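To keep things clear, I will list the structure first and then write my remarks on it.
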Amino acid sequence: MRSIFKEKKMRIIYTVTAGLGVLLLLVGALSASSEEKVEEIFKALQWYGHASFGIHAEKVIYIDPWNIPESAPKADLILVTHSHFDHLSLKDIERLQKEETIIICSEDCVSQLSGEVRGIRPNQEIEIDGVKVQGFPAYNSSKPFHPQEKAWLGYIITVKAIKIYHAGDTDFIPEMDKLKGINIALLPVGGKYTMNAEEAARAADVIKADISIPMHYGGGVIGSEEDALKFKELCHGEVRILVKK
Ligand SMILES: [Zn+2]
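Note that the working numbering has the sequence shown beginning at -18, numbered continuously upward.
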């Protein structure tokens, strides 16, 4: 009697252990594939200095295009965070624009642009051909340059289920606490108009993206490679410093 009971118990233990093993393998396989997807989108990411980026995946997306080289492909989608000259560059946008290009921007940029232009506000979401774009607050809490009332933007862009957060010109703001599941975070580190390296590192530790990338330096406006290196040194998560295209 006792031995049958023992045998049953052992069988249950084996089954549970085997079940757990399979589950762990599945979780491992899933996380590996999501890691691969993050790497795929990371490889598609181009930095043109300052806050200017391209995502050259299935769709060609630019964020705050500025000083884009002649060889860069035309845009399917252009996102503009706010109307300052180093973010809203009409010259670059005109060159990248084709008839079907859709531009998403803060509302104060709309009147300066032509074509398919959609002004959005923080927390507003829009989906264009499978690319999800969410406006996110971006403002200074301790400086006068980017007042919250302007409703200027950061963006959360979801490409192939990978979430890229471009913070725009912002301080470390409490809204960042609510960011979840960000895979790649593009954070300003140049200081003066935005977060400096220390503040950006604190933000990165809260956001907990798989990869954090420093920006808003190296464009001749503010900030230098030193700020990017300092950011990397202070962050607890993974930081990758991009080489300017
Ligand atoms: Zn600005």
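Just so it is clear, CB atoms sit at the ideal spot from N, CA and C, and this is done for glycine as well. Because the structure is a prediction, the values reported are computed rather than measured.
{"Check": "Roughly how many angstroms separate the alpha carbons of D158 and L71, rounded to a whole number?", "Outcome": "33 Å"}
{"Check": "Hey, would you say the C-beta of H31 is under 6 Å away from at least one heavy atom of ligand 1?", "Outcome": "no"}
{"Check": "Kindly indicate the opening and closing residues of the alpha helix (DSSP H) around F117.", "Outcome": "Here F117 belongs to no alpha helix (DSSP H); instead the beta strand (DSSP E) covers V112 to P118."}
{"Check": "Check the C-beta distance from P169 over to A181 and give it rounded, since I have them as a contact under 8 Å.", "Outcome": "6 Å"}
{"Check": "When the Cα of K18 is compared with those of G204, S123, E108 and A38, which residue comes out closest?", "Outcome": "A38"}
{"Check": "Less than 7 Å between the beta carbons of I49 and Y29, yes or no?", "Outcome": "yes"}
{"Check": "So the beta strand (DSSP E) K144 belongs to, where does it begin and stop?", "Outcome": "I143 to H147"}
{"Check": "If you run the structure through DSSP and keep just helix, strand and coil, what is I36?", "Outcome": "strand"}
{"Check": "Is I163 close to chain D? Criterion is C-beta to C-beta, closer than 7 Å.", "Outcome": "No chain D is present in this structure, which holds just one protein chain."}
{"Check": "Listed in chain order, which residues are found with a beta carbon closer than 5 Å to a heavy atom of ligand 1?", "Outcome": "H65 and D150"}
{"Check": "For the beta strand (DSSP E) holding R183, just list the boundary residues, first then last.", "Outcome": "From DSSP, R183 is part of no beta strand (DSSP E) but of the alpha helix (DSSP H) over A178 to I188."}
{"Check": "What are the residues that DSSP puts in a beta bridge with E106?", "Outcome": "Q115"}
{"Check": "Since I74 is in the alpha helix (DSSP H), which residue starts that stretch and which ends it?", "Outcome": "L71 to L77"}
{"Check": "Hey, out of T82, G35, A132 and S122, whose CA is closest to Q105's CA?", "Outcome": "A132"}
{"Check": "Mind checking which residues open and close the beta strand (DSSP E) that includes A166?", "Outcome": "I165 to P169"}
{"Check": "Where I194 and K213 are concerned, what is the direct C-alpha to C-alpha distance, given to the nearest angstrom?", "Outcome": "9 Å"}
{"Check": "What residues match up with I137 in a beta bridge as DSSP calls it?", "Outcome": "Q115 and Y146"}
{"Check": "How about E219 and I188: are their beta carbons less than 7 Å apart?", "Outcome": "no"}
{"Check": "With a 10 Å radius around its C-beta and 16 neighbouring C-beta atoms as the bar for buried, classify K144 as buried or exposed.", "Outcome": "buried"}
{"Check": "Go ahead and label Q93 buried or exposed: buried means 16 or more other beta carbons lie within 10 angstroms of its beta carbon, across all protein chains shown.", "Outcome": "exposed"}
{"Check": "Terminal residues of the continuous alpha helix (DSSP H) containing L210?", "Outcome": "E206 to L215"}
{"Check": "Which same chain residues, not among the five before or five after Y146, have their C-beta less than 6 Å away from its C-beta?", "Outcome": "I137, I163 and A166"}
{"Check": "Assuming I101 contacts G116 under a Cβ cut-off of 8 Å, what Cβ separation, rounded to an integer in Å, is found between them?", "Outcome": "5 Å"}
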